[in-house]
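Student: In the working numbering, the protein residues as written are 1392 to 1875. Backbone N, C-alpha and C define an ideal beta-carbon position, used for all residues, glycine too.
(1) Can you give me the Cβ contacts of residue 1786 inside the same chain, cut-off strictly under 7 Å, excluding the 5 residues immediately before and after it?
(2) Less than 8 Å separating the beta-carbons of residue 1392 and residue 1502?
(3) Ignore the nearest five residues each way along the sequence and tell me which others in residue 1815's own chain have a CB closer than 8 Å to its CB.
(4) Using 8 Å for Cβ pairs, my map puts residue 1412 next to residue 1546. What's the rounded Cβ distance?
(5) Kindly indicate which three-state DSSP category residue 1863 falls into: helix, strand or coil?
(6) List, from N- to C-terminal side, the beta strand (DSSP E) runs of 3 residues or more that fit wholly inside the stretch 1470-1557.
(7) At what residue ranges does the stretch 1806-1846 contain a whole run of the beta strand (DSSP E), taking only runs of 3 or more?
(8) Find out if the Cβ-Cβ distance for the pair residue 1845, residue 1867 is shorter than 8 Å.
(9) Kindly indicate which residue of 1836, 1592, 1716, 1623 has the alpha-carbon position closest to the one of residue 1659.
(10) Are residue 1477 and residue 1433 closer than 8 Å when you measure CB to CB?
(11) Does the distance from the CB of residue 1465 to the CB of residue 1487 come in under 8 Å?
(12) My output table needs one value for residue 1699: the three-state DSSP class, helix, strand or coil.
(13) Indicate the three-state DSSP secondary structure (helix, strand or coil) for residue 1395 in the structure shown.
(14) Please report the Cβ distance between residue 1765 and residue 1865, rounded to the nearest whole angstrom; I am assuming they are in contact, meaning their Cβ atoms lie under 8 Å.
(15) Is the CB-CB distance between residue 1558 and residue 1407 below 8 Å?
(16) Classify residue 1796: buried if its beta carbon has 16 or more other beta carbons within 10 angstroms, exposed otherwise.
(17) Measure the C-alpha to C-alpha separation of residue 1669 and residue 1613 and round it to an integer number of angstroms.
(18) Between the Cα of residue 1491 and those of 1431, 1435, 1455, spot the shortest distance and give me the residue it belongs to.
(19) Given a cut-off of 8 Å, decide if residue 1497 and residue 1593 are closer than it, judged by their beta-carbon atoms.
(20) Quick check: the Cα distance between residue 1742 and residue 1617, rounded to an integer number of angstroms?
(21) Just to confirm before moving on: does the CB-CB distance between residue 1403 and residue 1429 stay below 8 Å?
(22) Quick test of your reading: residue 1694 and residue 1717, contact by CB under 8 Å. State the CB separation rounded to the nearest angstrom.
(23) Need the endpoints of the beta strand (DSSP E) that residue 1754 sits in, please.
(24) Thinking C-alpha only, which one of 1457, 1425, 1483, 1456 is nearest residue 1435?
(25) Considering just the uninterrupted stretch of the alpha helix (DSSP H) at residue 1580, what are its terminal residues?
(26) Buried or exposed: residue 1869, going by 16 or more other Cβ atoms within 10 Å of its Cβ?
(27) Ignoring anything shorter than 3 residues or poking outside the stretch 1407-1437, list the beta strand (DSSP E) runs there in chain order.
(28) Taking the beta strand (DSSP E) that residue 1711 falls in, what are its first and last residues?
(29) What's the C-alpha gap between residue 1489 and residue 1599?
(30) How many Å lie between residue 1523 and residue 1822 at the Cα?
(31) Work out the CA separation of residue 1447 and residue 1460 for me, nearest whole Å.
(32) Within 10 angstroms of the Cβ of residue 1664, are there 16 or more other Cβ atoms? Answer buried if so, exposed if not.
(33) Let me know the secondary structure DSSP gives residue 1685 once reduced to three states.
(34) Output the boundary residues of the beta strand (DSSP E) element that contains residue 1717.
(35) For residue 1507, does the count of other Cβ atoms within 10 angstroms reach 16, so buried, or fall short, so exposed?
(36) To the nearest angstrom, how far is it from the Cα of residue 1656 to the Cα of residue 1597?
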């Protein structure tokens, strides 16, 4: 969950769980060097919420920690986004955490879910007909899609009563959220009625038992995910989009379409068949949502009936069978076509004085962009970057870098044994990282000639990293729709 030197942003509401989390991180930081910061979100639904914020701010002042406050209108957001207040609150929190993590330069975001929360999540997902991933509950570590930062749950192993006992033993007060007391929210009804009944009337230690089951289910899900991707390599190929890439000597595959071989698909276990279809449709969906079992079942019937026909699915996705091939495709809109064409040709980032005054925004698709800026570097600064914000040594670039898709001959520089810098072909790196073949040609890269500075979402080349001689920095920041 954390390594020496990490910067960790803790989400602290002022409740028992989050106060316990902060104290444990502080204690851990006495043994392992860490930098801590705190984010607090006022959802605007309680009159006393301002007192919670003041309590957390005072706590941060006591320990000398940076404090980031976000004030929001959760009820208004729920109406605007047409979702429940629970969902709106969660989205608000993680957007706020992602923004604060960026300001703090955090490598990790720590949140205070405990084992009771995990049991509630498992039951909530079960009642809604979730698959294995949902039944595994809260992952101890997960990647946040918006910020590219890891979300960690350091007290997931502790039960709620253990947390409160710990704080009482230390004489540490905490704030109580009155919205947790009633049964207005679905999770509260599980918390107040179902889990206590299970503990009292079915088996003592039910929450702990569910935590162990979640761990086993999580391991099983990880294994099946690996098997699913291997099966996709065997059964499905990315569809061709646009002109042949003459520079690469081949046509490009892309992620908004798949062609599935019916014969090879039939050789796979039904579990893998369903998982493959679900994964492919989620990848085609712009939001990754709105795909459910009923849609997987509908596409499965195209393989079973053997007749040539097509069906329409959510988010503009269409599935069609033609003889021994089932295709899944989401047509491009005009903006996506223009962006793809530009990235196929390559979009140059001019290294001019203008970058030091105004940032440059480059669209990657309809919901993702890159922001470039430049600044003078001071050696006393820490290099604050995460998976989606990268710093490069401006003066090591001999020509303007280009955003494009991969091409033959592309390479990265990596640190080998003894710290020696060596070249590694981009193809070999992608294979080693188990990046699915279907998406390799659609991942943007930032490159100077054939030297890849950054494979976006993965790593940067060692050659361009900040060092003791750096004077100027080129910053590249990946933005999702929620950031602009």
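Tutor: Short version:
(1) 1862, 1863
(2) no
(3) Here the set comprises 1802, 1803, 1804, 1805.
(4) 5 Å
(5) Looking at residue 1863 - three-state DSSP - the assignment turns out to be strand.
(6) 1499-1501, 1532-1534, 1541-1543
(7) 1812-1816, 1836-1839, 1842-1846
(8) Contact annotation: residue 1845 and residue 1867 have beta-carbon atoms nearer than 8 Å.
(9) 1623
(10) no
(11) For the pair residue 1465 and residue 1487, the CB atoms are not nearer than the 8 Å cut-off.
(12) coil
(13) coil
(14) With a Cβ gap of about 5 Å, residue 1765 and residue 1865 count as contacting.
(15) yes
(16) buried
(17) 16 Å
(18) Restricting attention to 1431, 1435, 1455, the CA atom closest to the CA of residue 1491 is found in 1431.
(19) No, these two residues do not count as a Cβ contact at 8 Å.
(20) 41 Å
(21) yes
(22) 6 Å
(23) 1751-1754
(24) 1483
(25) 1577-1580
(26) By the neighbour-count rule (16 or more Cβ atoms within 10 Å), residue 1869 is buried.
(27) For secondary structure counted as the beta strand (DSSP E) over 3 or more consecutive residues, the stretch 1407-1437 holds these complete runs in sequence order: 1426-1433.
(28) 1709-1713
(29) 31 Å
(30) 27 Å
(31) Going by the C-alpha atoms only, they are around 10 Å apart.
(32) buried
(33) helix
(34) Looking at the DSSP string, the run of the beta strand (DSSP E) that includes residue 1717 is 1716-1720.
(35) buried
(36) 40 Å
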